[in-house]
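One structure below.
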Amino acid sequence: MTGKPLAMLGAILLIVSLGTHAAQPPVQPYLAPQALDLTAFLPPPPLAGSSEDRQDLEAVLLVQGQRTPQQVAQAKRDDHLSDAVFPFAGEIFGPQFTLDRHPLTAQFFRRTLKDLVQTLMPAKAHFARPRPYELSAEVKPVLAPPMGESYPSGHTMDAYLSAILLAQMVPEKRDELFARAAAAGQSRVVAGVHYPTDLEGGRISAVALAVELLHNPEALDDFNRARRELRATLALD
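Numbered according to mature numbering (1 follows the signal peptide of the UniProt record, and there is no 0), the sequence shown spans residues -22 to -1, 1 to 215.
Here you go:
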């Protein structure tokens, strides 16, 4: 097949491909935009210029002075949020915990990430805490400037949300999952983009969102499908 027939075949394949992608609806959150107000759950961050605020900054500088190349490399890996549940728990669940083998799990966590973002960003704007490197030239971040203000930490929120939900699916790995969440949160201090108190704000936010999600019928249905998929892959049922 040469010439025009080959060109026509290529055009047809392109149209089919575009049609397939166009037919896929965008990922939607489970919750309504105003369903969860994190400012109702979170304590405010330390007052700017207070002794607690200075201690928070000193903690960032202390970690910076002790950080290793291995910690920096881990902080960079932990910075990625797209389908982050798989690298987050890969060492815990093993090499079989992959995106291609867990489509229901992937879709569930993609939607919960949408919920995280829509609840997180108003809280960040409300508290309007500057990042550590914005207040002190001594702070040398190892990541590109993240989106939004410092408090609460969205990456820490994502790590703890993953830990909470996965621990409900696989309680046999609860301790390892929460240890991994704590390490992922600490990566944000290592990176120079968050204070320690931002991490606590992220943890509290994750708990609030997890409760809201598991009381949402659609989210709960998808959670149970993902749970069955994951436990089958891990040969736990």
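No residue lacks a Cβ here, since even glycine has one placed at the ideal position from N, Cα and C. Computed from a predicted structure; not experimentally measured.
Can you tell me whether residue i is buried or exposed? The criterion is at least 16 other CB atoms within 10 Å of its CB, across all chains shown.
i, result
"lysine 102", "buried"
"alanine 197", "buried"
"alanine 162", "buried"
"alanine -1", "Because alanine -1 sits at a pLDDT of 49, beneath the cut-off of 50, its placement in the model cannot be relied upon, and the point is left open."
"glutamate 69", "exposed"
"valine 189", "exposed"
"glutamate 127", "buried"
"alanine -16", "Its pLDDT being 46, under 50, alanine -16 is placed unreliably by the model, and nothing is read from it."
"leucine 208", "buried"
"alanine -12", "Per-residue confidence for alanine -12 stands at a pLDDT of 44, beneath the threshold of 50, marking its modelled position as unreliable; the derived number appears in the next sentence. Alanine -12 should be labelled exposed."
"residue 288", "For residue 288 there is no data in the structure shown, the boundaries of the chain being -22 and 215."
"histidine 58", "exposed"
"proline 119", "buried"
"glutamine 48", "exposed"
"methionine 125", "exposed"
"alanine 204", "buried"
"proline 149", "exposed"
"proline 110", "buried"
What residue range is occupied by the uninterrupted alpha helix (DSSP H) comprising residue i?
i, result
"methionine 99", "81 to 105"
"lysine 118", "Taken as a continuous stretch (DSSP letters only), lysine 118 belongs to no alpha helix (DSSP H), as it is neither H nor E."
"phenylalanine 19", "Segment: none, phenylalanine 19 is in no alpha helix (DSSP H) and carries neither H nor E."
"residue 222", "Here the chain has residues from -22 to 215 only, and residue 222 is not among them."
"aspartate 199", "195 to 211"
"phenylalanine 156", "152 to 168"
"glutamine 33", "29 to 44"
"valine 63", "63 to 71"
"glutamine 48", "47 to 55"
"tyrosine 138", "132 to 147"
"alanine 184", "174 to 192"
What whole-angstrom Cβ distance do residue i and residue j have, given they're in contact under 8 Å?
i, j, result
"valine 167", "valine 41", "5 Å"
"leucine 94", "valine 171", "Incorrect: roughly 17 Å between the Cβ atoms, too far for contact."
"alanine 67", "phenylalanine 75", "6 Å"
"alanine 160", "leucine 14", "Not quite, the Cβ-Cβ distance comes to about 23 Å (not below 8 Å), so this is no contact."
"phenylalanine 71", "phenylalanine 201", "Between phenylalanine 201 and phenylalanine 71 the Cβ distance is about 17 Å, and since that is not below 8 Å, they are no contact."
"tyrosine 129", "aspartate 34", "Actually they are not in contact, since the Cβ atoms of tyrosine 129 and aspartate 34 sit about 10 Å apart, beyond 8 Å."
"glutamate 116", "leucine 39", "6 Å"
I want to know whether the stretch 39 to 54 touches the stretch 132 to 146 - three or more CB-CB distances under 8 Å. The stretch 39 to 54 vs the stretch 132 to 146: no contact.
Inter-stretch contact (C-beta, 8 Å, three-pair minimum) for the stretch 187 to 200 and the stretch 20 to 29: As far as the Cβ criterion goes, the stretch 187 to 200 does not touch the stretch 20 to 29, which means the pair count is below three.
State whether the stretch 140 to 155 contacts the stretch 10 to 28, with contact taken as three or more CB pairs (one from each stretch) at a distance under 8 Å. Short answer: they don't touch.
Evaluate contact between the stretch 82 to 93 and the stretch 7 to 15, counting only Cβ atoms and requiring at least three cross-stretch pairs below 8 Å. Result yes; three or more Cβ-Cβ pairs closer than 8 Å.
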